[in-house]
Structure formats: structure tokens, C-alpha cells
Amino acid sequence: MINLIWVALFLVGMVYALFNGTVDEVNQAIFKSASEGVTLCIGLISVLIFWLGLMKVAEEAGLLSKLSRLFKPLMKRIFPEVPPSHPAMGYILSNTIANLFGLGNAATPMGIKAMEELKKLNGGKDSPSRSMITLLALNTSGMTLIPTTVIGIRMQYGSASPTDIVGPTLIATLCTTLSAILIDRYFYYRRKRKGKK
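As C-alpha cells, this is what we get:
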């Protein structure tokens, strides 16, 4: 479906450019943005490699397991249906820690594995469980301590102080994460009350 939307947007833009006589400007914009996209990706890859390497060092040093132990009591409360020793809990913790360090690309595979494990816990049903909805809400809100991707983009475009975004990002993502948990809990308990009636 999303492919059809993109094709429709492209066609509407090209038709509009034809009628306004701005096809040359559209062509220049396409090639310029393609060139900038490649440059930006190369810059972001270097930042991502650095942080993934740092996470690997932290993992080898035992820091990630300590962070996992630190977050495990909180995650047990957020995901009460998931047994603490279940593989899903490990993937949820890894996903959360990767998101905290702004490594969304590294967090995605762990989030997918967590969803697969949660689906097994849900008996393989097609309808999502409470834990699956909660994980999706947490991932969407994405609490971040160090927004590595945004810092990389700011560095790429020559920001005088690319790390100034850390404080506002922390505050904003803390608010979105708390909101996601509160909204998730509100709808869960509302559904539970309706089920008892």
C-alpha cells in the first residue's frame, strides 16, 4: 500500500511540474537530494559503527548485562505476562538498551525477535497480546539517552555543537515514554473492566 502512495505522490508532483514548467528544477532537486542522501548515509554509517563498536565493548566489559539487571525489575512490572527467564524478556531488554543509546537500527532486529517470542507466548494467535502492544508503544515512544543518529545528522550538516540536542531529546523522549506507558495501561485496564461487566 505504501508503495502505491509513493508512486501517486511522485506522479502528482511530476504532472504539477509539467503544467507549471518546472521540470528542470524537479530534475535538479532529484539529483541533488540523491547525492546528499548518499553523503548523509556514509556519515551516519560511521557514527553507527562507532556506537555499535562502543556497545560491543560495553557488552564484553559486562556493562550491558549490568544495565539489563538494572532494568529487569522495571521490565517485569511493565511486562507482567512475560516470565523473567523467557527469551522474550532478554530481547526486550536488549531492544530497550539499544534504543536508550539511540541505536534504532541495532534495536530493530531485537524488537522483531522479541515480537516473535511474544507471539509464541500468545499461542501463535494473530491478535496481539497485551505485552506485544506494550512493546510497540515503548518502541514508538523510544526513550533515548544519546540520540546518535540525530547527532550524526547535525555533524554532517556542520552544526557548531551537534550534541546540544541530548538534553531536549532526553526530556522529550522521557515524556513520550511515560505517556506511552500511561496510555497503554489506561486502555488495558479499561478493556479489563469492560470484560468483567
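Under this note's numbering, the first residue of the sequence shown is numbered 17, with each subsequent residue one higher. Note that the Cβ used here is the ideal one computed from N, Cα and C, for glycine as well. Remember, it's a predicted structure, so these values are computed and weren't measured experimentally.
{"Item": "Distance check for MET159 and THR124, CA to CA, integer angstroms please.", "Value": "14 Å"}
{"Item": "Would you call the CB atoms of GLY29 and VAL39 closer than 8 Å?", "Value": "no"}
{"Item": "How about the stretch 128–141 and the stretch 100–111: do they share at least three Cβ pairs that are nearer than 8 Å?", "Value": "yes"}
{"Item": "Closest to VAL98 by CA distance: which of LEU198, ALA24, ILE149 is it?", "Value": "ILE149"}
{"Item": "Taking the straight line between their C-alpha atoms, what separation do you get for LYS136 and PRO96?", "Value": "16 Å"}
{"Item": "Measuring alpha carbon to alpha carbon, tell me which residue in VAL166, GLN172, THR192, LEU194 is nearest ILE181.", "Value": "VAL166"}
{"Item": "Just to confirm the assignment: which complete alpha helix (DSSP H) runs, minimum length 4, are found wholly within the stretch 79–132?", "Value": "79–94, 103–116"}
{"Item": "For the alpha helix (DSSP H) that contains GLY168, what are its first and last residues?", "Value": "164–172"}
{"Item": "Measure the alpha-carbon distance for GLY78 versus TRP22 and round it to whole angstroms.", "Value": "45 Å"}
{"Item": "Quick one, which of VAL54, ARG170, LYS92 has its alpha-carbon nearest SER147's?", "Value": "LYS92"}
{"Item": "According to DSSP, is THR185 helix, strand or coil?", "Value": "helix"}
{"Item": "Use the C-beta contact count for ILE61: other C-beta atoms within 10 angstroms, 16 or more gives buried, fewer gives exposed.", "Value": "exposed"}
{"Item": "Tell me where the alpha helix (DSSP H) around ASN155 begins and ends.", "Value": "146–157"}
{"Item": "Does ILE94 pass the burial test, meaning 16 or more other C-beta atoms within 10 Å, or should it be called exposed?", "Value": "buried"}
{"Item": "Using the Cα positions of PHE87 and ILE199, report the straight-line distance between them to the nearest angstrom.", "Value": "21 Å"}
{"Item": "So for ASN19, helix, strand or coil by DSSP?", "Value": "helix"}
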